[in-house]
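There are 2 protein chains.
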Amino acid sequence: MSATAISPTNLALIKYWGKRDTNLNLPINSSISITLDSRELHTITTAMFAPEGETEDKLWVNNKPVPLSTVPRTVRVLQLMRQLAQGNNATTQRAIYIVSKNSFPTAAGLASSASGYSAMVTALAGLFDLKTSKEDLSRIARQGSGSASRSLMGGVVMWNMGTRQDGLDSQAELVPFARQVELEAIICVVSEKKKKVSSTAGMQTSVKESPLLAHRAKDIVPVRINAMKQAFAAGNVESVLELTMRDSNQFHACCLDTFPPIFYMTDTSKEIVNLVTELNRESVRYAYTFDAGPNAVVFCEPQHTQTLLDALLVAFPPPATGEETFAYVRGRTELTATQALQRNTAKRAKVEQEQEGELCYIFHTGMDKLGARVLQGAEEQERQLAVPT
Amino acid sequence: MSATAISPTNLALIKYWGKRDTNLNLPINSSISITLDSRELHTITTAMFAPEGETEDKLWVNNKPVPLSTVPRTVRVLQLMRQLAQGNNATTQRAIYIVSKNSFPTAAGLASSASGYSAMVTALAGLFDLKTSKEDLSRIARQGSGSASRSLMGGVVMWNMGTRQDGLDSQAELVPFARQVELEAIICVVSEKKKKVSSTAGMQTSVKESPLLAHRAKDIVPVRINAMKQAFAAGNVESVLELTMRDSNQFHACCLDTFPPIFYMTDTSKEIVNLVTELNRESVRYAYTFDAGPNAVVFCEPQHTQTLLDALLVAFPPPATGEETFAYVRGRTELTATQALQRNTAKRAKVEQEQEGELCYIFHTGMDKLGARVLQGAEEQERQLAVPT
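Chains as they are written, first to last, in numbering that gives the first Met the number 0: chain A, 0 to 388; chain B, 0 to 388.
Below you can see the structure in the form of structure tokens.
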């Protein structure tokens, strides 16, 4: 008896930063994200009943056992899923094993918690054979990690902050978008030496110490959420992109307004901002966005992706690793370091070479239309995970 | 017939960013600054009547002629000073020559406009033999450069934003401070490759594009101005320092919230922030503040300056220029590159050497108690400037 689920990750265009309830993971403002294609970036999780006689729940992530005592939020999500199943008369008394694996390296700076908790609740819903809606599952995933609530659905997703103290209205909902809206994402993985401030700690320092964040959450984000929904509904990509950049800037502004200040963007991050600003000089075709780290994600429509990649390869030549076959561009476009260098030889001759190695690599992906789902049939057979030995 | 004035520069603790009237230089919020010691950093300006027969006003800055057609604000200030003199029945019809010189290198990132316009109005008041108050002169200097209004007075100075449309109440006033308050300043001149966004252009983009700046000016700064005045009056240096850091952070947050965003702080700036945050772990003894550039100014009481210098010399070894006698620490403390390296050999062995050369040099100065003044007697003889040949 097991079920295997796959979940995409997501990237917020209108940012989540700050909780009004740290226990229930209730945010101080709503947020809107794009779900990223699970073909390239995903967590796969298999949930199974433990063998007869075993009484303890267990967890493995990326082939390593993780003691449940170290991950209280995982314990909580498992408990909430059991409660839900009991209400649906499912078998829940047996111990459960959860085996989980991320397709993306942690170095990518993409929060594995978003896809992780989304995959976990989906796999458990499959194991218990529940017909629970994604909205309802999102409230449970939210208690694992706030942004996980947005990974259950594909396309464009709003995490509605809700107003209730018990969080029962703080859940994900689909944001309708015009049929022609199609976005790709270029993830620029920035080389970094220093340890970062965790987003969980950082956001609560901001809530306490940044007067600008309070104003943002109360007076600015509600207006932006509506503007973003309207832009998606109308298929106004330019407006989607501009709002995305403005909101990323404002999130980092609030980090800087924190005391002591939190810096996530580095000089390299700023060079990417300047590069995108330059590409947008005539019309807004690209949007950068930064989460709690220096990595940029740049969104654009598919017909503009190659121009962006070319500009990035000119500005940020691959690091000199000594390996010519090193994969510098990954995902939907694949280029080795050698190929990346060859692609823009002519243009690069004109620019200074100072930025060599500032990016570790570049990842090309796009939107996911499905969200988290339980795998069936052949796909399940192929991808289900066994307990590591 | 000539008069020579000296003016200090100043550094804002509560920042000025944004004008409500760009023509009159009326700000969107009041600001508070510390006047920096004119013994180390100053502009000296000699104003003189041109020789008989000359009909054209002329200007020289740092030994170079500056066509008045290129500096409309200087023309305006000269005109306003003539109007003031006419109201006082002074001789004003003759052409005027203004010769000005800054003691600090432009690379220091210290706005020479603050001391420059302050010295200019003071020298012209001397030339016209006016008994005009510093408050009244500050309104004229303000129209040259907003921050110049604060350089006329010594100690701690508030530029009151005023409420009148004609700007007649937008002027400097002294902020009283407890006798024991004494601060020194360590200016960290950060090596920089890129051209910066001018503060004049940058602040008006922020006024137009940053929703956080509007909130800051209207709701946050007034509270901080009062808190800062109270802290100075009470001699609460710790509070002065903390407010200074919070306000610098918030100013740069508003720059980042601008679209496209304005970045003045670099990775090196952030390292200085982190160093000061670390030094302040037990109690707040130091405050960083950054203007429209990457240079840090760190304030502290005199008994804590050497600890700060030591920490800076460990973290930021001098650049390898090949000249051992290169002045790496200047002003009240003077150290060559060699001496700077020797001073912390033991400690530096423990840290990584990555930050070598990130600072061009370090300048040690302090508070100025006098503000701008006309030089008299022997001092005038010694320092007056002649028209460069």
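Think of the CB as a built atom: it goes at the ideal place given N, C-alpha and C, for glycine as much as any other residue.
- DSSP lists no beta-bridge partner residue for B:T332.
- Straight across, the Cα-Cα distance linking B:H363 with B:E270 is about 19 Å.
- For A:V156, the enclosing beta strand (DSSP E) starts and ends at 155 to 159.
- Using a C-beta cut-off of 8 Å, the region 151 to 159 of chain A makes no contact with the region 195 to 211 of chain A, since fewer than three inter-stretch Cβ pairs fall below that distance.
- For B:M366, the closest Cβ of chain A is not nearer than 8 Å.
- A:I186 is bridged by DSSP to A:V296, A:F362.
- Under DSSP, B:N101 shares a beta bridge with B:T42.
- Boundaries cannot be given for A:T21, as no alpha helix (DSSP H) includes it and DSSP labels it neither H nor E.
- For chain A, the residues of the region 216 to 229 of chain B that bring a beta carbon within less than 8 Å of one of its beta carbons are D218, I219, in chain order.
- When Cβ-Cβ separations below 8 Å define contact, B:N248 makes contact with chain A.
- Within chain B, D266 have C-beta atoms less than 8 Å from the C-beta of A:T265, given in sequence order.
- Residues of the region 16 to 48 of chain B with a C-beta atom less than 7 Å from some C-beta of chain A do not occur.
- A distance below 6 Å between beta-carbons, with the five flanking residues on each side excluded, links B:F250 to the following residues of its chain, in chain order: K14, W16.
- Between B:L307 and chain A, the shortest Cβ-Cβ separation is not below 8 Å.
- Per the coordinates, the alpha-carbon of B:R372 lies some 39 Å from the alpha-carbon of B:D266.
- Counting only the Cα atoms, A:N22 lies some 30 Å from A:V296.
- Contact check for B:D36 against B:G370 fails: the beta carbons are separated by 8 Å or more.
- Looking at the DSSP output, A:V373 bridges to A:A4.
- Boundaries around A:E237 are those of the alpha helix (DSSP H), 236 to 256, since no beta strand (DSSP E) includes it.
- Within chain B, the residues F258 have their CB atoms less than 7 Å from the CB of A:R245, given in chain order.
- For A:T45, the CB contacts under 6 Å within the same chain, skipping 5 residues up- and downstream, are S1, T3, V98, Q383, L384 in chain order.
- Against chain A, the beta carbon of B:T276 has neighbours under 7 Å at P259, listed in chain order.
- Ranking B:G145, B:T121, B:L308 by CA distance to the CA of B:L136 puts B:T121 first.
- Under the 10 Å beta carbon count, A:V222 is surrounded by fewer than 16 other beta carbons and is classified as exposed.
- Our two residues, A:T131 and A:L79, have alpha carbons roughly 13 Å apart in a direct line.
- Straight through space, the alpha carbons of A:R245 and A:V220 are spaced by roughly 11 Å.
- Bounds of the beta strand (DSSP E) holding A:I31 are 30 to 34.
- For B:T162, the three-state secondary structure derived from DSSP is coil.
- Residues of the same chain with a CB within less than 8 Å of the CB of B:G125, apart from the 5 flanking positions on each side, are A2, T3, A4, A46, V373 in chain order.
- Contact annotation: B:L12 and B:M157 have beta-carbon atoms that are not nearer than 8 Å.
- Per DSSP, the beta-bridge partners of A:L173 are A:V156.
- With a threshold of 8 Å between beta carbons, A:K269 makes contact with chain B.
- Three or more beta-carbon pairs separated by less than 8 Å link the region 284 to 295 of chain B to the region 173 to 191 of chain B, which places the two stretches in contact.
- The beta carbons of A:R141 and A:N61 sit no closer together than 8 Å.
- Taking a beta-carbon distance threshold of 8 Å, A:L211 counts as an interface residue toward chain B.
- Taking a Cβ-Cβ cut-off of 9 Å, A:F315 has no neighbours in chain B, whose nearest Cβ is about 16 Å from it.
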